[in-house]
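Chains as they are written, first to last, in the working numbering: chain A, 3 to 209; chain B, 9 to 183; chain C, 3 to 214; chain D, 12 to 208. In what follows, a single structure is set out as structure tokens and then discussed.
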Amino acid sequence: MNKKYLLLAGIIIALGVGILFMPAKDTTKQVQPELLLAAIDDPSRFLTTDDITDRLVKKDPTLLLIDVRAESQYKAFSVPGAINMPADSLLTVASQEILNQGEIDKVLFSNSDVTSDQVWIICKRMGVQRIYVMQGGINKWFSTIVKTEKPTATASAKDLDLYQFRIAACQHFFGSPEMSVSPKKEAVKKKVNVVKKASEASSGGGC
Amino acid sequence: MAKNKRDGSFYINPYLGGVLLGLVLFGTYYITGRGLGASGAVKSSVVSAVHTVAPVHADNNKYYSKFLSDDASPMSNWLVFEVIGVIVGGFLSGTLYGRLKFKIEHSPKITNRTRLVAALVGGILFGVGSQFARGCTSGAALSGMAVLSASGIVTMMAIFGSAYLFSWIFKKLWI
Amino acid sequence: MDELNKTNRLTITVVAIVLVIIIGLVTLRRPDIKYTLNTSESLALLGNPALVITPEQAVSLLKDSTGKTMFIDIRNSIAFERGHVKNAINIPVRELFEKTSKATLRDIEKAGQKAIIYGESQQQANGPWMMLQQIGYKNALLFTGNYVQLDPNPDSITKLLPQFSETPLIDTAALKALTAPKSTDKTATKTTETVKKKVAPVKKEASSGGGC
Amino acid sequence: MVGPLIPMGIIPETWNNVIALLLGVGFGFSLEASGFSSSRKIMGTFFGYDFVVLRVFFTAAITAMTGIFYFDYMGWMDMSMLYINPYYIMSAIIGGIIMGFGFALGGFCPGTSFTGVAIGKIDAMFFSGGLFIGVFIFSELYPLFQGIYNSQNLGDAKIYDLLGMRSTVFAFLLIVAAVGMFYGAALVEKKVKKVDY
């Protein structure tokens, strides 16, 4: 009898030793490297500044802009309505709660789209859903929306529309003494639709 | 061994019983992602009984309404079926080993009446305690230990520690 | 305690369980690609200056031939055929995890070389570089510029493209001038246009009416 | 077949009750066959004449735990998806102490009392009846207990995290401790006078 119990005790302790040597598992759910690489190769995560602005102007409730730059830069200037989540605070509980909201499109941006894309990769790896990157980042946003250039005289109607939209959006965010805001709002909304179609068409191979 | 197998004194090797129970517990985790339980079934039957008898009262009570609000919660049903299974399983084993018999088991030093009162009080205390700890010996302690949850191990130690202490106080009930 | 003496069934059960576990372990196939960094370690990759190669460093590395570095071109093969850094190896993003690619990368690692990942832009090289770092190629470095800056042409280094760098470009002067949105910054316009000519595929939308 | 099957959606929820019944049968059978339908056999653990509870309980815990660890390692199961009872420090300890008190008086715990009911133990029936009353009392007096019940929530805390060690180390120590307890139980059993029941 005793011998058998010795054997059994040996077996369970051997199994225990086996457990002891199991590598520590990252308990967070992760996207497999192969799938992550495929996601990296897929440019659909990039949203253009115009599309984002369009949704901002429409006050789309499913849009959340996340500024991943340092807090000082965020305080200096950021896209209106964006929240700040410095890259190094990505793994905090508070940040995770924000990222794991299911029904919201989270758009990351930094000065360009390099840091934000790196953050995107880590988020994607952690299984965050509906997460995007603002193409070109805030620099691009600033140069297209805030400091938009007047198209040349030969520009196409599409470009003129886009220009109108940007001006209107900029006024929407920052106001303008020259034009009164209230009557223009209707115009903004109308233009918004036109522009969205136009930009979709252009990314489809217009150029 | 085969001779006395049906006289009610046959028990399987406790380690075998443990391994079998462990496999059942593991199977439960593997299939449902949750552990076993027993007091949860009592809770859901009490909640639904009160809800049937006095629905307004049940809705007003914060504790009942906690479990009534998600009345479609599959877990409460799940546990009731599981406990029905426990009774069936116990009955099968009792039949197999010849233990089906109405009887009151107690120390020779006490009367049947004392034993039944003690059992009832013990049951009441266990009922209260299991609600505090969010599970009983099987639901919180055993299932919790299998997944190394803190609540499981703390509850297990609290149960066995205090049971050890109190059992010596009430030694007369048992030996 | 005579039930303690009956150990046969117990032994059989335990042995059966052990067999299942052993069979499981023997047939176990670990995925050959797995993360070696956890998420917080990956997060630490960001902004680590030791893991990136600036355009200036890259140009000097191109000049010396100590063989300590190897350029990995992650653009597609068509772009690679059209022109690439001397001695660069082409591993398109899509083929990063293929056997041959991994063998190449492993060889580079074994030879003690650094693998500099570059693409059309830093943006393009970014993902593959992070992927390689996360699956354990600690010698992978990110080139923080655009392919044009690796052009053998000596003045290419001056073609720094602020549009793609993480340097904040927003000037408060322009912010204050918001009420007059028509005013434009001439220098910014110029750089944008340079980008457009050199790196056509990066920009898709008709941002300032020049591209199309 | 990566478990847990139902949360992963591999087995439809409609099978839930059938599975519950089958697992319950297994649960009840192993309890009864090990002798958990007898309160005096159970109580033997505390007086040292029969350590069946200790043996069954810890063997079951380490078996299930070992299975979960190996299945998780082999990728057949996702340990992180398993439900963990939330840990409310005070209420877990108070509840455990009250349950221990009830254990000492009643000689059963809920699961074992149901197997006792199944084979006709009248004391087990009283105990089970007491359970219902106890839950009822708790629910009725819930406003009194609410503070303790909901205080100090640590969520789905794991014991190894609280102790600051790796899960594998804790699992190994638990197995060693269990084997040690089994050995100790055998020694104590030899010394303690047999109780006839």
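Even glycine gets a Cβ: it sits at the ideal position worked out from N, Cα and C. Keep in mind that this is a model prediction, so the values were computed, not measured.
With DSSP run on the structure shown, which of helix, strand or coil describes residue i?
| i | result |
| --- | --- |
| N10/C | helix |
| A142/C | strand |
| L48/A | Contrary to the premise, residue 48/A reads as Phe rather than Leu in this sequence. DSSP places F48/A in strand when its eight states are reduced to three. |
| A188/D | helix |
| K88/C | coil |
| S48/D | coil |
| N96/D | coil |
| T154/A | coil |
| Y19/B | coil |
| M72/C | strand |
Could you name the residues of the same chain whose beta carbon sits closer than 7 Å to that of residue i, not counting the 5 residues immediately before and after it, in chain order?
| i | result |
| --- | --- |
| Y165/A | T150, K152, P153 |
| M54/D | G118 |
| R121/B | none |
| W122/A | R47, L110, I133, V135 |
| F114/D | C120 |
| M90/D | I79, D83 |
| S45/D | V63, V67 |
| L47/C | L53, M132, Q135 |
Using a Cβ-Cβ cut-off of 8 Å, state whether residue i counts as contacting chain A.
| i | result |
| --- | --- |
| R96/C | yes |
| I35/C | yes |
| N128/C | yes |
| V54/C | no |
In whole angstroms, what separates the C-alpha of residue i from that of residue j?
| i | j | result |
| --- | --- | --- |
| G129/A | A127/C | 22 Å |
| P130/C | I76/C | 8 Å |
| I20/B | E5/C | 6 Å |
| F143/D | I124/A | 50 Å |
| N27/D | I133/D | 31 Å |
| T117/A | E43/C | 16 Å |
| G145/D | L29/B | 27 Å |
| G175/D | A168/D | 12 Å |
| D43/A | R42/B | 38 Å |
| Y72/B | G48/B | 13 Å |
| F125/D | V155/B | 24 Å |
| Y94/D | N164/D | 16 Å |
| V197/A | K160/A | Legend: pLDDT at V197/A = 39, less than 50; position of this residue unreliable, value from coordinates given subsequently. Cα-Cα distance, rounded: 8 Å. |
| C172/A | A60/C | 39 Å |
| R96/C | S103/C | 10 Å |
| Y172/B | T56/D | 9 Å |
| Y98/D | S162/D | 10 Å |
Within the 8 Å Cβ cut-off, does residue i reach chain C?
| i | result |
| --- | --- |
| P63/B | no |
| M110/D | no |
| Y81/D | yes |
| Y23/B | yes |
| R57/A | no |
| F72/B | Reading off the sequence, residue 72/B comes out as Tyr, not Phe. Chain C contact via Cβ: absent. |
Tell me which residues share the same chain as residue i and place their Cβ nearer than 8 Å to its Cβ, disregarding the 5 neighbours each side in the sequence.
| i | result |
| --- | --- |
| V119/C | A small fix is needed here, since residue 119/C is Ile in this sequence, not Val. Counting only Cβ-Cβ distances below 8 Å, and skipping sequence neighbours, we find I74, I76, A127, P130, W131, L134, A142, L143, L144, F145. |
| L76/B | V55, H59, A66, D67 |
| L33/B | G43, L44, L150, S151, A154 |
| V199/D | G59, F62 |
| T51/A | M136, Q137, G138, K142, W143, T146, I147 |
For chain B, find out if any of its Cβ atoms is closer than 8 Å to the Cβ of residue i; answer yes or no.
| i | result |
| --- | --- |
| S41/D | yes |
| L93/D | yes |
| L30/C | no |
| M85/D | no |
| V16/C | yes |
| V203/D | no |
| L6/C | yes |
| P23/D | no |
Less than 6 Å between C-beta atoms, sequence neighbours within five positions excluded: which residues of the same chain meet that for residue i?
| i | result |
| --- | --- |
| K192/A | Reliability of the predicted coordinates at K192/A is poor, the pLDDT of 39 falling under 50, and the value obtained from them is presented with this limitation in mind. Excluding sequence neighbours, K192/A sits near nothing in its chain. |
| G160/B | A148, A149, G152, M153 |
| F181/D | Y171 |
| V206/D | Y60 |
| G16/B | G106, R107 |
Measuring from the CB of residue i, is there a heavy atom of the ligand ADP at a distance below 7 Å?
| i | result |
| --- | --- |
| L48/C | The ligand ADP is not part of this structure, which contains no ligands at all. |
If we cut at 8 Å on Cβ distances, does residue i have a partner in chain D?
| i | result |
| --- | --- |
| H114/B | yes |
| I137/C | no |
| A26/A | yes |
| I183/B | yes |
inquiry  = Quick check for students: name the residue ranges of the alpha helix (DSSP H) that lie wholly in the region 92-119 of chain A, counting only runs of 4 or more.
reply    = The qualifying runs are 95-101.
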